Amino acid sequence: MSEKIFEVDHLSLHYLTRFGEKVHAVTDVSFSMKQGEILGIAGESGCGKSTLVSGLMGMCIPPLYPTSGDVRVSGESLMNRSESDIRSNVLAQKISMIPQGAFNALNPVRKIKDIAADVIAAHQKQGSPSSAKEIYQRLCERFDLFGMDTQRVLNSYPIQLTAGERQRSVIGISTLLNPRMVIADEPTSALDVSTQKEVIKMIFDLLEKGIFSTMIFITHELPLLYHVADNIAIMYAGEFVEMGTAEQVVKDPRHPYTQALMGAMLSSESSQRSRKPVAIEGAPPSLNQTIVGCRFAERCTRACPDCKKNTQSIRMVGDRLVRCDYAK
Amino acid sequence: MLKQYPTILYVLQKGLWYFLTFIAAIVINFALPRLGDNNPVDIIMGKAAQGLSQEEAKQKKASLLASFGMAELSTRTYDTVGYECALNEKGEAYLKEAFVPAIKVTERKIKDSAGADSVVNDTVGIFEPKLDASGAVMKEAASDSAGKPILDSAGVPVMKNVMQPVMVKKIIHIEKGSVVYSTTPVLENGNPVLKEEPVLSSSVVQFFAYIKNIFHGDLGLSYSQYPKPVIEIIKESLPWTLAIQFPTLMLGWIVGNLLGAIAAYKRGIFDKVFFPLAMLLNGIPFFVFGMLLVAAFSISLGWLPAMGAYGFDQVPSFSWEFYKSVGLHYILPFFSIFPILLSGQATGMRSMSIYELGTDYMKYAKWMGLREGKIVSYIFRNAMLPQLTGLAQSLGAMVGGALITEMIFSYPGLGMAMLTAIQQNDYATIQGCTLMISICVLVANFSVDILIALCDPRVKAGIQVGGK
Ligand SMILES: Nc1ncnc2c1ncn2[C@@H]1O[C@H](COP(=O)(O)OP(=O)(O)OP(=O)(O)O)[C@@H](O)[C@H]1O
Ligand SMILES: [Mg+2]
Chain S
34 MSEKIFEVDH LSLHYLTRFG EKVHAVTDVS FSMKQGEILG IAGESGCGKS
84 TLVSGLMGMC IPPLYPTSGD VRVSGESLMN RSESDIRSNV LAQKISMIPQ
134 GAFNALNPVR KIKDIAADVI AAHQKQGSPS SAKEIYQRLC ERFDLFGMDT
184 QRVLNSYPIQ LTAGERQRSV IGISTLLNPR MVIADEPTSA LDVSTQKEVI
234 KMIFDLLEKG IFSTMIFITH ELPLLYHVAD NIAIMYAGEF VEMGTAEQVV
284 KDPRHPYTQA LMGAMLSSES SQRSRKPVAI EGAPPSLNQT IVGCRFAERC
334 TRACPDCKKN TQSIRMVGDR LVRCDYAK
Chain D
172 MLKQYPTILY VLQKGLWYFL TFIAAIVINF ALPRLGDNNP VDIIMGKAAQ
222 GLSQEEAKQK KASLLASFGM AELSTRTYDT VGYECALNEK GEAYLKEAFV
272 PAIKVTERKI KDSAGADSVV NDTVGIFEPK LDASGAVMKE AASDSAGKPI
322 LDSAGVPVMK NVMQPVMVKK IIHIEKGSVV YSTTPVLENG NPVLKEEPVL
372 SSSVVQFFAY IKNIFHGDLG LSYSQYPKPV IEIIKESLPW TLAIQFPTLM
422 LGWIVGNLLG AIAAYKRGIF DKVFFPLAML LNGIPFFVFG MLLVAAFSIS
472 LGWLPAMGAY GFDQVPSFSW EFYKSVGLHY ILPFFSIFPI LLSGQATGMR
522 SMSIYELGTD YMKYAKWMGL REGKIVSYIF RNAMLPQLTG LAQSLGAMVG
572 GALITEMIFS YPGLGMAMLT AIQQNDYATI QGCTLMISIC VLVANFSVDI
622 LIALCDPRVK AGIQVGGK
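Written out as structure tokens, the structure reads:
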């Protein structure tokens, strides 16, 4: 068994609101990843996916703060390290991220080449700075891989690019330094179908070329994850509720939420054509108080009185993890 | 052909709009004192006629009307012509060779009608023209010229040389026509009287006269400091206003923005002390703060002068003493504006920066491991763009807004000049000052517009996309 390059132990994160209230956006997330693995994380909007990403990078930007738990990259913990240490030793080199919403991720007053050059310059070893020309050369080489109009894209401001070009530029910038691991936060949402395909193809091209090998792919589209991910984790109200191989989670979901989620999806498989998607009734609980009992109990069709009293912990069911005492 | 240069096109377009605005400002400036049945001269005369005899008042009104370009002038012009010597390269009056023909005078004695004794006796001789002292041919010599020129064998008149300096005609001065009066019979106390009224020109003519005057820098004569031209008053006061306002504004803007950005980024104790202080200062009106400064540093402590731009015993000159005096007089007005301006900018910049800090691209920059300095520069640059608009506004308001500061410190700037003019119904000066203010507002806004276009690629790219 190969070495675990990324481990997350009982990670919890909270936002501190202006009135001193804590919003527990991520609670008790644990998982680990091997070199070359692709983990998919799915969950509905607001379940804490993007928040989890900040935690995984080891860089919580206020008002987000870590509550407890640990994140380790190749055995090295990211918690309780100084910001500048994380910045110069981890970010963009060991772990990089592709943020949600590429348009907003690009500084509107800088050209793509300048944004990219800033990233390279930020991680240059002291004493051997490259000239602007060398950096530009390097950018051209990298962007040529993406099958884009390199010169035009690099010399454009973000507003001058199409959504697809912006997304691909962001991916290009995020992977410039050949990071060991990439966390992609909904890289395809808000794109049209054909652009989505291009972007997915680009990400997998990069994987194939070995620019990076390990990836966490976040989306709210389960069918997509089924095609791209080795393992899938389902998130609900800040918790992982089910985690297993793609096959297990999509084809044979055990947690009632996963099952409901599969029901809510439009399936492309012909056998399920006739099935109408069913929306899940109700809304997830608000996270600014401590929640007793199962978080999904309010919306669960199979909930029993106990569910609202007993806080569920994640446990092995067969060879997958499920956070439901009644799952078999 | 300008299509290839969208930036130039943009500047030209902007410039055109500002020019139109300028014209609009002129129109307003022109129309305001003429609203209803008013005209600027009548308003001035209301005060100027005091203590003048009827004839003097009439003359004063006529001269005012003429200087405002408001009355019909008689078209006759009286020009005085003078003569002066032309000079050659050596600076000597040079002489023209005038050739005066030699004249043959024939005298003939004719027989009288009786035909008794008179015999014809022809005398033929060469008549020498008589010259006067300056060497010019005297008239009488030519006047009794029954004579004819003597011709030589070729039939060309025989000439005599006369050396005479060349004279150049020069128009010394053209007197403008006087104001035209119309006379109308009216009944006064039941008696028919002839009333003389100056004929006013049409408003279109008045308007063009006004514009022509403006573009010649002729803003009329001040009435309160008659006969000083308004442009002189502006030339004397505007530099003081600019000297006190411009550096204060720029410094306040730059320092305020820096402090605001730092407060937003660092937070912590600096922000906790700085922000409430800035809010407090921001809430104090200029004049209250100015008066507090005067009370503290000038009246109680007596450290700094609070009146005028330089000491009463000083005469403007390029001396060290004078500069020192100006410097000392500069401190209080400067500090009456600077902290308030600074805190206004800083609070604005602070909230802009906090907003910038929360944007996705700042988070992305952080997540990509950019250094702190780089991120602060990102924040500063992006948050500064909206602040530029604020700069345009305060630069524009600078000239007019200086009034209160100048009043408190009796600073001899444009605001004071305008205030004095308003108190004395000095319309020409008021108009001149407001025009100056509009020009400053427009120039400031135009420059900042261009600056924004150069700094903000969202605008710049917009120009490029739109220009294609
Ligand atoms: N600055 C904040 N202060 C307080 N609560 C926040 C803040 N930002 C996010 N949250 C809360 O944290 C929770 C998780 O938000 P997050 O953005 O991680 O969701 P997400 O799963 O990424 O959603 P989406 O699919 O829409 O991107 C949400 O309930 C949100 O309301
Ligand atoms: Mg998200």
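These protein sequences, in sequence, are chains S and D.
Heads up, the first sequence is in the working numbering, so the first residue is 34 and it goes up one at a time.
Heads up, the second sequence is in the working numbering, so the first residue is 172 and it goes up one at a time.
All C-beta atoms in this analysis are idealised placements derived from N, C-alpha and C, irrespective of residue type, glycine included.
Note that the structure is predicted; figures quoted are calculated from it, not measured.
The beta carbon of aspartate 151/S falls within 9 Å of a beta carbon belonging to chain D, placing the residue at that interface. The residue among Ile233/S, Ala154/S and Tyr190/S with its C-alpha nearest the C-alpha of leucine 209/S is Ala154/S.
Our two residues, leucine 422/D and serine 246/S, have alpha carbons roughly 53 Å apart in a direct line. A distance criterion of 8 Å places the beta-carbon of aspartate 151/S beyond contact range of ligand 2, judged by its closest non-hydrogen atom. Assignment of arginine 185/S by DSSP, reduced to helix, strand and coil, places it in the helix class. Taking 9 Å as the cut-off, the Cβ atoms of valine 215/S and methionine 268/S do not count as close.
Taking C-alpha positions only, isoleucine 511/D is separated from valine 612/D by approximately 21 Å. Secondary structure at tyrosine 98/S: strand, using DSSP grouped into helix, strand and coil.
By alpha-carbon distance to valine 370/D, the top candidate from Ile402/D, Gly240/D and Phe379/D is Gly240/D. When C-beta atoms of the region 574–592 of chain D are compared with those of the region 371–386 of chain D, fewer than three pairs fall below 8 Å, so the two segments do not count as touching.
For the region 127–144 of chain S, residues whose beta-carbon sits nearer than 7 Å to a beta-carbon of chain D comprise Met130, Pro132, Gly134, Asn137, Ala138, Leu139, Asn140, Pro141 and Val142. Counting of Cβ neighbours within 10 angstroms places aspartate 61/S among the buried residues, the total reaching 16 or more.
Following the DSSP letters along the chain, one finds isoleucine 265/S in no alpha helix (DSSP H) but inside the beta strand (DSSP E) bounded by residues 264–269. Checking the DSSP bridge columns, you'll see lysine 37/S partnered with Lys67/S. The beta carbons of proline 286/S and methionine 276/S sit about 11 Å from each other, so the pair does not count as a contact at 8 Å.
Within chain D, no C-beta atom comes less than 9 Å from the C-beta of isoleucine 251/S; the nearest is roughly 14 Å away. Below the 8 Å Cβ cutoff, chain D contributes Gly540 as neighbours of histidine 156/S, in chain order. In this model, methionine 66/S and alanine 58/S are separated by some 22 Å (Cα to Cα).
The three-state secondary structure of glycine 277/S, taken from DSSP, is strand. At a Cβ-Cβ threshold of 9 Å, methionine 520/D and alanine 615/D do not count as neighbours. The closest heavy atom of ligand 1 lies 8 Å or more from the beta carbon of tyrosine 290/S. Positions of the alpha helix (DSSP H) runs, each at least 4 residues long and wholly inside the region 591–615 of chain D, cannot be given because no such run exists. Contact between the region 578–596 of chain D and the region 558–569 of chain D is not established, with fewer than three Cβ pairs separated by less than 8 Å. Using a Cβ-Cβ cut-off of 7 Å, leucine 124/S is close to Trp538, Met539 and Gly540 of chain D, given in chain order. Shown in chain order are the members of the region 425–445 of chain D whose Cβ falls below 9 Å from a Cβ of chain S: Arg438.
Set against 8 Å, the gap from the CB of leucine 89/S to the closest heavy atom of ligand 1 is not smaller. Secondary structure note for methionine 130/S: its beta strand (DSSP E) is the uninterrupted segment 128–131.
Taking 7 Å as the Cβ-Cβ cut-off, the region 257–268 of chain S has no residue approaching chain D. When 7 Å is used as the limit between beta carbons, isoleucine 94/S is near these residues of chain D: Lys534 and Lys537, in chain order. The beta carbon of phenylalanine 458/D sits closer than 7 Å to the beta carbons of Ile575 and Ile579 from its chain, once the five residues preceding and following it are set aside; these are given in chain order. Within a 10 Å sphere around the beta-carbon of alanine 195/D sit fewer than 16 other beta-carbons, which makes this residue exposed. In the three-state scheme derived from DSSP, where H, G and I count as helix and E and B as strand, arginine 201/S is classed as helix. For lysine 545/D, the chain S residues whose C-beta falls within less than 9 Å of its own C-beta are Asp151, Ala154 and Ala155, listed in chain order. Residue pairing for glycine 73/S: DSSP places it in a beta bridge opposite Phe250/S and Ile265/S. Annotated three-state conformation of methionine 112/S is coil, per DSSP. Within 8 Å of the C-beta of lysine 82/S there is at least one heavy atom belonging to ligand 2.
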